[in-house]
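Numbering (UniProt numbering), first residue to last: 1 to 316.
A short worksheet on the structure shown next.
Structure, rendered in structure tokens:
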């Protein structure tokens with residue numbers, strides 16, 4: 001990749017140019033980690049089991065996503081990018097309080113940071129716990145294909161190629177698909193190529209998404225701190241191909257090869273103690289129930305304190 005062409009502006013769902021988009025990402029990073037110390041405020045709430053814990057974790061995810069983006073934009077530091085993607089990706093998981101949490105939303109928002117981190121633990125989580133993320137066999141419902149699309153991404157990650165090809169062809173062959181969903185045709189052409197282990201088909205499908213017109217259209221309103229200079233679908237799918245041993249040879253200012261190559265960090269660390277409590281070997285619902293019990297306990301304590309006689313509050 002020609003580093004002089006990086007970053008190349010694509011599009012922004014906030015209707016900003018490159019400089020304004022970078023400034024927004026910098027503001028998001030400073031909001032979380034800057035002088036007002038909102039990070040410690042958030043951690044104190046989590047440690048006290050107070051408030052909307054999962055929403056607080058989601059806010060932290062946004063801060064670390066901004067850090068990951070700035071690691072590329074400021075220094076092109078791939079290791080720092082992966083480190084912050086790992087933290088953001090894990091926080092994305094921890095912030096989910098619903099069973100099959102990828103029933104809504106789009107695959108880029110759910111899986112981009114996880115896959116870009118090259119973390120074996122997070123990758124294994126997507127495979128082992130996929131049925132808790134979304135119903136892998138969710139049926140084709142033309143009016144809302146979000147769970148269908150997300151399930152297909154997890155099938156691609158997991159290497160269940162027969163089922164993946166069948167489902168991809170169901171979408172591609174549907175002559176009545178919604179106009180708004182036609183944007184996902186290259187994605188599913190890639191899936192067919194992956195299922196057939198056909199490098200040329202995979203490369204051909206993703207090359208469509210590198211054409212500026214389609215690159216912009218498909219990445220629009222996906223991941224606010226990355227969409228304005230990276231073609232996220234190409235990066236994610238080329239990474240999935242690489243996971244299965246297929247090097248598509250893609251290298252572009254909007255899809256740099258260094259981000260596609262699989263080079264796990266020597267060590268991935270959780271910067272906050274609450275993150276270390278997550279047990280990958282347990283169902284995700286165990287995490288949800290643990291935090292629900294903690295938040296309920298905090299509410300009980302607050303209610304008990306409110307009902308204490310005034311003299312006890314004074315003298316203990």
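Note that CB positions come from ideal geometry on N, CA and C, so glycine has one too.
The structure displayed is predicted, hence computed values, not measured ones.
Exercise for review: Following the continuous alpha helix (DSSP H) through residue 209, name the residue where it begins and the one where it ends.
Suggested key: Reading the chain shown from its first residue, position 209 is the one you call residue 209. Per DSSP, residue 209 belongs to no alpha helix (DSSP H) and is neither H nor E.
Review point. Residues bridged to residue 255 by DSSP?
Key: One-based indexing of the chain shown puts residue 255 at position 255. Residue 255 is bridged to 252.
Check your understanding: Where does residue 79 land, buried or exposed, given buried means 16+ other C-beta within 10 angstroms?
Key -> Position 79 of the chain shown, counted from the first residue, corresponds to residue 79. Exposed.
Check your understanding: Okay, do the segment 201 to 210 and the segment 160 to 178 touch, 3+ Cβ pairs below 8 angstroms being the bar?
Key -> no
Point to revise | Own chain partners of residue 148 with C-beta closer than 8 angstroms, once the 5 adjacent residues on each side are dropped | key: Numbered from its first residue, the chain shown carries residue 148 at position 148. Counting only Cβ-Cβ distances below 8 angstroms, and skipping sequence neighbours, we find 138, 139, 140, 141, 167, 171.
Point to revise | the segment 204 to 214 in contact with the segment 243 to 257 per 3-pair CB rule at 8 angstroms | key: yes
Review point. When the Cα atoms are used, what is the spatial distance from residue 122 to residue 261?
Key: If you number the chain shown from 1, residue 122 lands on position 122. If you number the chain shown from 1, residue 261 lands on position 261. Between residue 122 and residue 261, the alpha-carbon positions lie close to 17 angstroms from each other.
**Study point:** CB-CB length for residue 219 against residue 233, believed under 8 angstroms
**Key:** Along the chain shown, read from residue 1 onward, the residue named residue 219 stands at position 219. Along the chain shown, read from residue 1 onward, the residue named residue 233 stands at position 233. That pair is a contact at about 7 angstroms.
**Study point:** For residue 251 and residue 245, the rounded distance between their alpha carbons
**Key:** If you number the chain shown from 1, residue 245 lands on position 245. If you number the chain shown from 1, residue 251 lands on position 251. Approximately 17 angstroms, taken between the alpha carbons.
Point to revise | Range covered by the alpha helix (DSSP H) that runs through residue 167 | key: Numbered from its first residue, the chain shown carries residue 167 at position 167. Where residue 167 is concerned, the enclosing alpha helix (DSSP H) stretches over 161 to 172.
Review point. Residue range of the alpha helix (DSSP H) that residue 152 falls in?
Key: One-based indexing of the chain shown puts residue 152 at position 152. Per DSSP, residue 152 belongs to the alpha helix (DSSP H) from 146 to 158.
Exercise for review: Say whether the segment 16 to 34 touches the segment 264 to 283, bearing in mind that this needs 3 or more beta-carbon pairs closer than 8 angstroms, one atom from each stretch.
Suggested key: Output reads no: the segment 264 to 283 does not touch the segment 16 to 34.
Check your understanding: By Cβ distance below 8 angstroms, which residues in the same chain neighbour residue 298 in space, the five residues on each side in sequence not counted?
Key -> Within the chain shown, numbered from 1, the residue matching residue 298 stands at position 298. 48, 49, 50, listed in sequence order.
Check your understanding: Which of the three DSSP states, helix, strand or coil, is assigned to residue 101?
Key -> One-based indexing of the chain shown puts residue 101 at position 101. Three-state DSSP puts residue 101 in a helix.
Review point. Does the pairing of the segment 76 to 94 with the segment 53 to 61 give three or more beta-carbon distances under 8 angstroms?
Key: yes
Check your understanding: Taking the C-alpha atoms as reference points, what is the distance between residue 108 and residue 222?
Key -> Start at 1 with the first residue of the chain shown, and residue 108 comes out as number 108. Start at 1 with the first residue of the chain shown, and residue 222 comes out as number 222. Answer to the nearest angstrom: the Cα atoms are 6 angstroms apart.
Practice item. Would you list, in sequence order, the uninterrupted beta strand (DSSP E) runs of no fewer than 3 residues that lie entirely inside the segment 44 to 96? Key: You should have found no qualifying run.
Practice item. Work out the CA separation of residue 83 and residue 22 for me, nearest whole Å. Key: As a first step, residue 22 must be located in the chain shown, where it is residue number 22. As a first step, residue 83 must be located in the chain shown, where it is residue number 83. Rounded to the nearest angstrom, the two C-alpha atoms are 20 angstroms apart.
**Study point:** Coil, strand or helix - residue 317 by DSSP
**Key:** No answer is possible for residue 317: it lies beyond the span of the chain, which begins at 1 and ends at 316.
Exercise for review: May I have the straight-line CA-CA distance separating residue 134 from residue 151, to the nearest angstrom?
Suggested key: For the purposes of this step, residue 134 is taken as residue 134 along the chain shown, with counting starting at 1. For the purposes of this step, residue 151 is taken as residue 151 along the chain shown, with counting starting at 1. Rounded to the nearest whole angstrom, the C-alpha separation of residue 134 and residue 151 is 6 angstroms.
Check your understanding: Going by C-alpha distance, which of 159, 144, 117, 143 is nearest residue 130?
Key -> Here residue 130 corresponds to residue number 130 of the chain shown, with the count starting at 1. When each option's Cα is compared against that of residue 130, the closest is 159.
Point to revise | Which listed residue (14, 239, 214) has its alpha carbon closest to that of residue 153 | key: Here residue 153 is taken as the residue at index 153 of the chain shown, counted from 1. Among 14, 239, 214, the Cα nearest to that of residue 153 is on 239.
Exercise for review: Kindly list the residues whose CB is nearer than 7 angstroms to the CB of residue 163, restricted to its own chain and excluding five residues on each side of it in sequence; keep chain order.
Suggested key: By 1-based counting over the chain shown, the position of residue 163 is 163. Excluding sequence neighbours, residue 163 sits near 155.
Point to revise | Assigned exposure category for residue 303 - 16 Cβ within 10 Å defines buried | key: Taking the chain shown and counting its residues from 1, one reaches residue 303 at position 303. With fewer than 16 Cβ atoms within 10 Å of its Cβ, residue 303 is classed as exposed.
Check your understanding: Is the Cβ-Cβ distance between residue 280 and residue 119 less than 7 angstroms?
Key -> On the chain shown, residue 280 is found 280 positions in, with the first residue counted as 1. On the chain shown, residue 119 is found 119 positions in, with the first residue counted as 1. No, these two residues do not count as a Cβ contact at 7 angstroms.
Check your understanding: Which word fits residue 227, buried or exposed, when buried means at least 16 other C-beta atoms lie within 10 angstroms of its C-beta?
Key -> Here residue 227 refers to the residue found at position 227 when the chain shown is read from its first residue. Residue 227 comes out buried.
Practice item. Let me know if residue 249 comes out buried or exposed under the rule of 16 or more other beta-carbons within 10 Å of its beta-carbon. Key: In the chain shown, residue 249 corresponds to position 249, counting from 1. So residue 249 counts as exposed.
Check your understanding: Mapping DSSP to helix, strand and coil, what is residue 188?
Key -> Counting from one through the chain shown, the residue named residue 188 turns up at place 188. Correct three-state label for residue 188: helix.
Practice item. Would you check if the distance between the CB atom of residue 28 and the CB atom of residue 66 is smaller than 7 angstroms? Key: Stepping through the chain shown from its first residue, residue 28 is reached at position 28. Stepping through the chain shown from its first residue, residue 66 is reached at position 66. Closer than 7 angstroms, so yes.
Exercise for review: Tell me whether residue 34 sits in a helix, a strand or coil according to DSSP, three-state version.
Suggested key: Sequence index remark: in the chain shown, residue 34 carries index 34 (1-based). Three-state DSSP puts residue 34 in coil, outside helix and strand.
Practice item. Just tell me which of 40, 98, 72 has its CA closest to the CA of residue 6. Key: Here residue 6 refers to the residue found at position 6 when the chain shown is read from its first residue. Nearest C-alpha to residue 6: 72.
Check your understanding: Could you give the distance in angstroms between the alpha-carbon of residue 88 and the alpha-carbon of residue 237?
Key -> If you number the chain shown from 1, residue 88 lands on position 88. If you number the chain shown from 1, residue 237 lands on position 237. Rounded to whole angstroms, residue 88 to residue 237 spans 19 angstroms at the Cα level.
Practice item. Please determine, among 195, 192, 182, the residue with the shortest C-alpha to C-alpha distance to residue 217. Key: Your numbering for residue 217 matches position 217 in the chain shown. In terms of CA proximity to residue 217, 182 leads the group 195, 192, 182.
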